[in-house]
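Student: Going line by line, the protein sequences match chains A and B.
FYI, in our numbering the residues of the first sequence are 1 to 237.
FYI, in our numbering the residues of the second sequence are 238 to 474.
For glycine and all other residues, C-beta sits at the position ideal for the given N, C-alpha and C.
This structure is a prediction, so every number in the text was calculated from the model and none was measured.
Have a look at the structure that comes next, please.
Number of protein chains: 2
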Amino acid sequence: MDTTLSNNHIKTIRSLSSKKFRDSLGLFVVEGEKMVAEALASDFQVVEVWKRDEIGYDVMARISQLSSPSPVMAVVKAKPLSAPAETGGLCLALDGIRDPGNFGTIIRLADWFGVDVIYASPDCVELYNPKTVQATMGAIFRKKVIYCDIPALCRQFRKAGLKVYGTFLDGEDIYAQPLSKEGLIVMGSESRGISPEVAKEVDGKLLIPSFSGGAPTAESLNVAVATAVTLSEFRRR
Amino acid sequence: MDTTLSNNHIKTIRSLSSKKFRDSLGLFVVEGEKMVAEALASDFQVVEVWKRDEIGYDVMARISQLSSPSPVMAVVKAKPLSAPAETGGLCLALDGIRDPGNFGTIIRLADWFGVDVIYASPDCVELYNPKTVQATMGAIFRKKVIYCDIPALCRQFRKAGLKVYGTFLDGEDIYAQPLSKEGLIVMGSESRGISPEVAKEVDGKLLIPSFSGGAPTAESLNVAVATAVTLSEFRRR
């Protein structure tokens, strides 16, 4: 295995920290032993693997996107993120999730709770953003993520006789509502919640109630945390 | 109100990005309109408030710890973080939580789910770390956080006849276990889980089961997400 990188090669890998170059090259980067092992075991095409012990600490520090360069990095071929929506099973729709940490954490927990497909609105953060990728802890290699128009997706689920759920501050207590085994669960953005265009397509408005006993409390939950509570409630029944 | 800051004053505020100076000055910083409003409404002592419109964008950019300087910042007096442990109610114990985002998110959701006190092991990240403070979304001004020895705390709860719970990969299905209204819930670190010294004090070992249907899945949940699922399950009953 070749263990030297030309300056041009280093420059190319470094360029993958920017969306522009990820898009034009169709590649993204994963770091860490666990992540690289999961990439290799998946059906993603791993283009190259670089080990710190072989290329040296200084070169790894130049190509790594982490503050302390990891022992191993892989350059992976991106998969297309648009595909016809599939209707069925229990799916998530993310409406305007901008924070890569939240987006990646949601993919990780969707994997844990057996969600079939994760749909994302076009204004969500990019799946192959390095912070998203790392926050998935490998779930990115197992879960299907499709960017699409969320209001149209909601209509497609309802047309198929499936329910569309969402969490709202004026929804009905999630712990006391009937929840179906299949359907679409919409989660809204960190700052604005579910957008009005999507909200009007939701027919199951849910609320995660606060238990502060009437004392002043946080106005909302972090979106990854709210997704976890919601999926837990759908799955435990 | 004085709207000019001397260079020395700017230097002092900037120094609060470092734990060393937060400790020696006993001060910390909060940013954003919501956070500053919550600080002012709380029983924390707000030492000074600086508005971007008054001091100018450039000065705010120098004292802000955010990538885009917020419209308002407050310097707040820290409260002592050691106190005798109180036994009773439903409490959280955090064992080695290192990530400030996770720590702050857990305080925010403890607020939502009406947790009485949050105990933290001495090796947890510092409460007044700016990333922790911002992730609490204001809950830091409402919740009591006490740093203490967690094994001793567990023994104190058990001596008082209260149960000590924790999540483990070999625990019992949380959805099928009896959960008491009072007690202590231990959450372990991001990388190592609950430490062995603490684990032997836990008498209610819980598991959040995966619903991946036997397919390979994430090995674990993010600790903030696991805390959310656990608290939701304790509170809904």
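Report yes or no: do three or more beta-carbon pairs, one from the region 378 to 385 of chain B and one from the region 352 to 369 of chain B, lie closer than 8 Å?
Tutor: yes
Student: If you draw a straight line from the C-alpha of PRO415/B to the C-alpha of PHE350/B, how long is it?
Tutor: So the alpha carbons of these two residues sit roughly 18 Å apart.
Student: Using the beta-carbon count (16 or more within 10 Å), is ALA139/A buried or exposed?
Tutor: Flag for ALA139/A reads buried.
Student: Does the Cβ of TYR365/B have 16 or more other Cβ atoms within 10 Å, making it buried, or fewer, making it exposed?
Tutor: buried
Student: Put THR167/A into one of helix, strand or coil per three-state DSSP.
Tutor: strand
Student: Reducing DSSP to helix, strand and coil, say where LYS396/B ends up.
Tutor: LYS396/B sits in a helix when the DSSP states are folded into three classes.
Student: Report the partner residues of ASP111/A according to the DSSP bridge assignment.
Tutor: DSSP output for ASP111/A lists no bridge partner at all.
Student: Would you mind working out which of LEU16/A, GLY88/A, LEU109/A sits nearest GLN65/A, comparing C-alpha positions?
Tutor: LEU16/A
Student: LEU421/B to PRO321/B, Cα distance in whole Å?
Tutor: 15 Å
Student: For the region 167 to 193 of chain A, enumerate the residues whose C-beta is nearer than 8 Å to any C-beta of chain B, in chain order.
Tutor: TYR175
Student: Report back the beta-carbon spacing between ASP440/B and LYS396/B to the nearest angstrom; my notes put them in contact at under 8 Å.
Tutor: Contact flag wrong, Cβ pair sits at about 12 Å.
Student: If I measure Cβ to Cβ from LEU346/B and keep anything under 6 Å in the same chain, skipping five residues before and after, which residues do I get?
Tutor: ALA465
Student: Can you list, in chain order, the residues of the region 102 to 120 of chain A whose Cβ is nearer than 8 Å to any Cβ on chain B?
Tutor: Look at the region 102 to 120 of chain A: the residues with a C-beta under 8 Å from a C-beta of chain B are THR105, ARG108, LEU109, ASP111, TRP112, PHE113, GLY114.
Student: Using a beta-carbon distance below 8 Å, is ALA461/B in contact with chain A?
Tutor: Cβ-Cβ to chain A under 8 Å: yes for ALA461/B.
Student: For the region 45 to 63 of chain A, enumerate the residues whose C-beta is nearer than 8 Å to any C-beta of chain B, in chain order.
Tutor: none
Student: CB ASN459/B to CB THR105/A, shorter than 8 Å?
Tutor: yes
Student: Please state whether DSSP places LEU364/B in a helix, a strand or coil.
Tutor: Three-state DSSP puts LEU364/B in coil, outside helix and strand.
Student: Who are the near neighbours of THR324/B in its chain, counting only those whose CB is closer than 6 Å to its CB and skipping five residues on each side?
Tutor: GLN393, PHE394, ALA397
Student: For chain D, check one thing: does any of its Cβ atoms lie closer than 8 Å to the Cβ of GLY32/A?
Tutor: Absent here is chain D; the protein component of the structure consists of chains A and B.
Student: Should ALA311/B go down as buried or exposed, given a rule of 16 or more other Cβ atoms within 10 Å for buried?
Tutor: buried
Student: Taking only beta-carbon atoms, is VAL382/B less than 8 Å away from chain A?
Tutor: no
Student: Enumerate in chain order the residues of its own chain whose CB-to-CB distance from GLU363/B is below 6 Å, with the five nearest sequence positions on each side excluded.
Tutor: LYS256
Student: Leaving out five residues before and five after TYR412/B in sequence, what residues of the same chain have Cβ atoms less than 8 Å from its Cβ?
Tutor: Same-chain partners within the cutoff: PRO446, GLU470.
Student: Can you check whether the C-beta of VAL229/A is within less than 8 Å of a C-beta belonging to chain B?
Tutor: yes
Student: So, is the C-beta of GLY89/A closer than 8 Å to a C-beta in chain B?
Tutor: no
Student: As a quick exercise: from CYS148/A, GLU172/A, PHE28/A, pick the residue whose alpha carbon is nearest that of ILE63/A.
Tutor: PHE28/A
Student: Output yes or no for whether 8 Å exceeds the beta carbon distance between ILE150/A and ALA93/A.
Tutor: yes
Student: Do ALA315/B and GLY269/B have their C-beta atoms closer together than 8 Å?
Tutor: no
Student: Is ARG472/B close to chain A? Criterion is C-beta to C-beta, closer than 8 Å.
Tutor: Judged by the 8 Å Cβ criterion, ARG472/B is in contact with chain A.
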